[in-house]
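2 protein chains.
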Amino acid sequence: MNIRLYNAQILTMEKNRPVFRGEVWVKGGRIAGILDCGAECPNVDNITVETRWDLELDCEENLLMPGFKDAHTHSAMTFLRSYADDVPLQQWLNTKVFPLEARLSREDIYHLTKLAVLEYLTSGITSIFEMYLSPDAAAEACIDMGMRCVLTSGLNNFTSSIEQTETEYLKWNSESELIRYRLGFHSEYTCSRELLEGLAKLAGKYHEPVYTHLAETAEEVEGCKKRYGMTPAVFLDSLGMFAYGGGGYHCVHMSEQDMDIFDRRGMYVVTNPASNLKLASGIAPVAEYTERGIPVAVGTDGPASNNCLDMFREMFLVSGLSKVREKDAASLDAAEVLHMATVNGAGAMGLSQADVLAAGRQADLILIDLHQPNMQPVHNIPKNLVYSGSKANIRMTMINGRILYRDGNFDVGESREEIYERCNEIVKRIVYA
Amino acid sequence: MNIRLYNAQILTMEKNRPVFRGEVWVKGGRIAGILDCGAECPNVDNITVETRWDLELDCEENLLMPGFKDAHTHSAMTFLRSYADDVPLQQWLNTKVFPLEARLSREDIYHLTKLAVLEYLTSGITSIFEMYLSPDAAAEACIDMGMRCVLTSGLNNFTSSIEQTETEYLKWNSESELIRYRLGFHSEYTCSRELLEGLAKLAGKYHEPVYTHLAETAEEVEGCKKRYGMTPAVFLDSLGMFAYGGGGYHCVHMSEQDMDIFDRRGMYVVTNPASNLKLASGIAPVAEYTERGIPVAVGTDGPASNNCLDMFREMFLVSGLSKVREKDAASLDAAEVLHMATVNGAGAMGLSQADVLAAGRQADLILIDLHQPNMQPVHNIPKNLVYSGSKANIRMTMINGRILYRDGNFDVGESREEIYERCNEIVKRIVYA
Chain A
1 MNIRLYNAQI LTMEKNRPVF RGEVWVKGGR IAGILDCGAE CPNVDNITVE
51 TRWDLELDCE ENLLMPGFKD AHTHSAMTFL RSYADDVPLQ QWLNTKVFPL
101 EARLSREDIY HLTKLAVLEY LTSGITSIFE MYLSPDAAAE ACIDMGMRCV
151 LTSGLNNFTS SIEQTETEYL KWNSESELIR YRLGFHSEYT CSRELLEGLA
201 KLAGKYHEPV YTHLAETAEE VEGCKKRYGM TPAVFLDSLG MFAYGGGGYH
251 CVHMSEQDMD IFDRRGMYVV TNPASNLKLA SGIAPVAEYT ERGIPVAVGT
301 DGPASNNCLD MFREMFLVSG LSKVREKDAA SLDAAEVLHM ATVNGAGAMG
351 LSQADVLAAG RQADLILIDL HQPNMQPVHN IPKNLVYSGS KANIRMTMIN
401 GRILYRDGNF DVGESREEIY ERCNEIVKRI VYA
Chain B
1 MNIRLYNAQI LTMEKNRPVF RGEVWVKGGR IAGILDCGAE CPNVDNITVE
51 TRWDLELDCE ENLLMPGFKD AHTHSAMTFL RSYADDVPLQ QWLNTKVFPL
101 EARLSREDIY HLTKLAVLEY LTSGITSIFE MYLSPDAAAE ACIDMGMRCV
151 LTSGLNNFTS SIEQTETEYL KWNSESELIR YRLGFHSEYT CSRELLEGLA
201 KLAGKYHEPV YTHLAETAEE VEGCKKRYGM TPAVFLDSLG MFAYGGGGYH
251 CVHMSEQDMD IFDRRGMYVV TNPASNLKLA SGIAPVAEYT ERGIPVAVGT
301 DGPASNNCLD MFREMFLVSG LSKVREKDAA SLDAAEVLHM ATVNGAGAMG
351 LSQADVLAAG RQADLILIDL HQPNMQPVHN IPKNLVYSGS KANIRMTMIN
401 GRILYRDGNF DVGESREEIY ERCNEIVKRI VYA
């Protein structure tokens, strides 16, 4: 499809480039060109003379920008949303989550992932960094709907294996332009030393970064110290796990030494503020990370712990929690947080072609409604987005050049009601049987 | 207008009453009846035989519930949204807010309030507890749009007076069914002792509760201790200010003795979590208040400090921040927070007729879209609302029996674009001149 998005305000998220009026042209899955109109956009006829557009969309002076990157999630946990809340993390995992997850089939995960994808689209999320059981099922759901997904293995003592991880890694980095696969494991506390050593070796073989849940709770850190006499980051690094970089999900309880490792290895912190509040895990020292130059990306975590998949809420929290933690209302301003939720997310996930709006980049973009009252007046668009934005501002979500969501309607191959129905059947069987 | 809302799920917010299927009938500004259909709703013809409906609205199995009560706001501060962020409270007030506010005319406040009202409607807020300059202008804007508003005086050394407060009190408690007026003042630190004594006397004359900003920052509390040797709550109570109860906005830094006063006087805490994060004021000990039986209501604070007027974000924060503050993931569950945002809000504002859905109560209600992906599956509706809900779930907002907002469209006497235009003219003149 050749799509012309005209009469727009444009925030490319390129460094130091302010919002301007213009057009974005999409051909196939890529951005073919970006037109900066200055004060007045040129006549339509002069532009369209060379190209046959399949669709010309009047953006009505709304904002085009790169889609949000949800840099940590477990999509299929939709089946537990609002089922198991208000309990601490370890109890939540051991008594609520793990026993029910054990009953999920591969097909269940396929359908439950689809429910999450619908919600990502309503929140302007154009790619997800997905860790869950059955990566194959998640990948297939994303392909079938048109969602961009970077898988990472949730390898642990009970599910998957080094061999399976390698097979998935090889398959999903060449199967579909929508899917990539990065090496990962669930966490230090769910993996034996042997398993971790095996993964570190695999990372060495392919020169790949590795991602994992890290320092999410104080208990996790204490447990690792007891087992190995080191914090999780130090222990894992001592195995050579991060020889080619990688990242940690959560990173709420990090020591100076842990941060030094992240700094030295060029690793990403993926912060998940809503989940950390809801499970009472703590408030991550995000300002410290950024002061050290450690890149921070933002994730929702899964819908069982958050419980929504809403990057607007996460962005407000990254800034607001940092301000209250540092006792400094100037901490982590809106522009910095918006960068985390877009450019840094792409960096963490290895999506170098989906970071900003520019000619040649992947056409993963969103249209933000500036005509809603929460976006008025327009003193400062990044501040409006981070401090005041909501899902209700998402007019359109485009991934890989396809409009998957527009004005409340989905174009994902089947109706939302069909997806709900299938998920509710699963819930009935798994949770209430 | 006689309006029949049928094919709904209904959450009345009456104590211990679960969600049921049914209908809500509205006549004039009141709820005329609520029908619990049990498993199957009766035939339409049998119901409508006695009444001529002006409108019959199919709720499509979505949720009817009481509207949210925004129990603390400064509506007209819309003009500063995203203008003066990322600075601490006192600096923010003194260098950014006060100098620009001094330039606002009564008419400016009228128009700027209207912008806020549009946003309240998109967030399912059906009444506001409003403190700002020119209460008359705010009241008129609300009347003209159909919004329910409880005014409280922002009395301080620089604006308003005891006499003006008394005049407003008498006028606005008898002028319009949409408006009520409670006694109040800006804060201890902006009022002389004489002024405060005068207001306490006025409260005694009319047996009225009194509302104020209280213990918002640690500096405020320290300042009062220096001036009077007491915390603000203790000092104000010593003047007889709370002889007939009242409430405190924010209440982030409260002593045991302060809480004892609230307890003894039957006073309300109105918590404003997003504003307290954004201005780095702190995290209020809300769980302590509820354990002591002090009723807590929820407010957004004004759009210059928050910056959005979104009760969904506030509700998540009340619960999430309490969990992380108390290091207890079970702290303040969703049902309790939903009660705060509806029933307790009505209590704090003195709106005894707008608390729950019941025959005879004011028809202030909202329709929540349960067919959005963030509301699926439906394990638990209150948890879905508090942990996962967003503005995007508001299908309809009705105040005093009038539908003011439905499916993204406003019915408030003029178009949203006209309101934006007038506000942008004011911004241009006040902020950028």
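Sequence order for the protein chains is A and B.
Per UniProt numbering, the very first residue in the first sequence carries number 1; after that it's consecutive.
Per UniProt numbering, the very first residue in the second sequence carries number 1; after that it's consecutive.
Each residue gets a CB set at the ideal place from its N, CA and C atoms; glycine is no exception.
Terminal residues of the continuous beta strand (DSSP E) containing residue i?
i: M349 of chain B; result: Element bounds for M349 of chain B: not the beta strand (DSSP E) but the alpha helix (DSSP H), G345 to M349.
i: Y181 of chain A; result: I179 to S187
i: A32 of chain A; result: R30 to D36
i: D310 of chain B; result: Here D310 of chain B belongs to no beta strand (DSSP E), and DSSP marks it neither H nor E.
i: I283 of chain B; result: Run containing I283 of chain B: none; DSSP gives neither H nor E here.
i: M259 of chain B; result: That residue, M259 of chain B, is in no beta strand (DSSP E); its alpha helix (DSSP H) goes E256 to R265.
i: D85 of chain A; result: Run containing D85 of chain A: none; DSSP gives neither H nor E here.
According to DSSP, residue i sits in a beta bridge with which residue or residues?
i: I128 of chain A; result: A:D70 and A:C149
i: H250 of chain A; result: A:L214
i: T271 of chain A; result: A:V298
i: A8 of chain A; result: A:G22
i: T78 of chain B; result: For T78 of chain B, which the question treats as bridged, DSSP gives no partner whatsoever.
i: E56 of chain A; result: A:R4
i: K27 of chain B; result: B:N2 and B:R30
i: L202 of chain A; result: In the DSSP output, where bridge partners are listed per residue, L202 of chain A has none listed.
Check residue i in the structure and name its three-state DSSP category.
i: N276 of chain B; result: helix
i: Q353 of chain B; result: coil
i: V49 of chain A; result: Because the pLDDT at V49 of chain A is just 47, under 50, the model does not fix this residue reliably, and the point stays unresolved.
i: L64 of chain A; result: strand
i: Q372 of chain A; result: coil
i: K226 of chain A; result: helix
i: A433 of chain B; result: coil
i: L155 of chain B; result: strand
i: V412 of chain B; result: coil
i: R17 of chain B; result: coil
i: K327 of chain B; result: coil
i: L196 of chain B; result: helix
i: N306 of chain B; result: coil
i: S134 of chain B; result: coil
i: A243 of chain B; result: coil
i: L317 of chain B; result: helix
i: S176 of chain A; result: coil
Thinking just about the alpha-carbon of each residue, which of the options is nearest to the one in residue i?
i: E101 of chain B; options: B:E119, B:K114, B:Q90 and B:F79; result: B:F79
i: V269 of chain B; options: B:M147, B:Q257 and B:G247; result: B:G247
i: A141 of chain B; options: B:S153, B:S160, B:D263 and B:A116; result: B:A116
i: K278 of chain B; options: A:S275, A:S319 and A:V150; result: A:S319
i: K114 of chain B; options: B:V431, B:V298, B:V427 and B:Y420; result: B:Y420
i: P373 of chain A; options: B:N424, B:R429, B:K225 and B:Y189; result: B:N424
i: H213 of chain B; options: B:G184, B:V234 and B:E197; result: B:G184
i: A280 of chain A; options: A:N272, A:A287 and A:V286; result: A:N272
i: E288 of chain A; options: A:A274, A:P377, A:A304 and A:K323; result: A:K323
i: R265 of chain A; options: A:P135, A:R292 and A:I283; result: A:R292
i: L121 of chain B; options: B:D369, B:I430 and B:M398; result: B:M398
i: L236 of chain B; options: B:H253, B:K226, B:A137 and B:V210; result: B:V210
i: H111 of chain A; options: A:R17, A:G124 and A:M145; result: A:M145
i: A218 of chain B; options: B:M259, B:S82 and B:N276; result: B:N276
i: I3 of chain A; options: A:C59, A:G124 and A:W92; result: A:C59
Quick one: give me the first and last residue of the alpha helix (DSSP H) that residue i is part of.
i: T167 of chain B; result: I162 to W172
i: T122 of chain B; result: R106 to T122
i: V427 of chain A; result: R416 to I430
i: F98 of chain A; result: F98 to E101
i: F235 of chain A; result: P232 to S238
i: V337 of chain B; result: A334 to H339
Item to check | 3 or more residues per run - each beta strand (DSSP E) lying fully within the stretch 359-410 of chain B | outcome: Here the runs fully enclosed are 365-368, 394-399 and 402-406.
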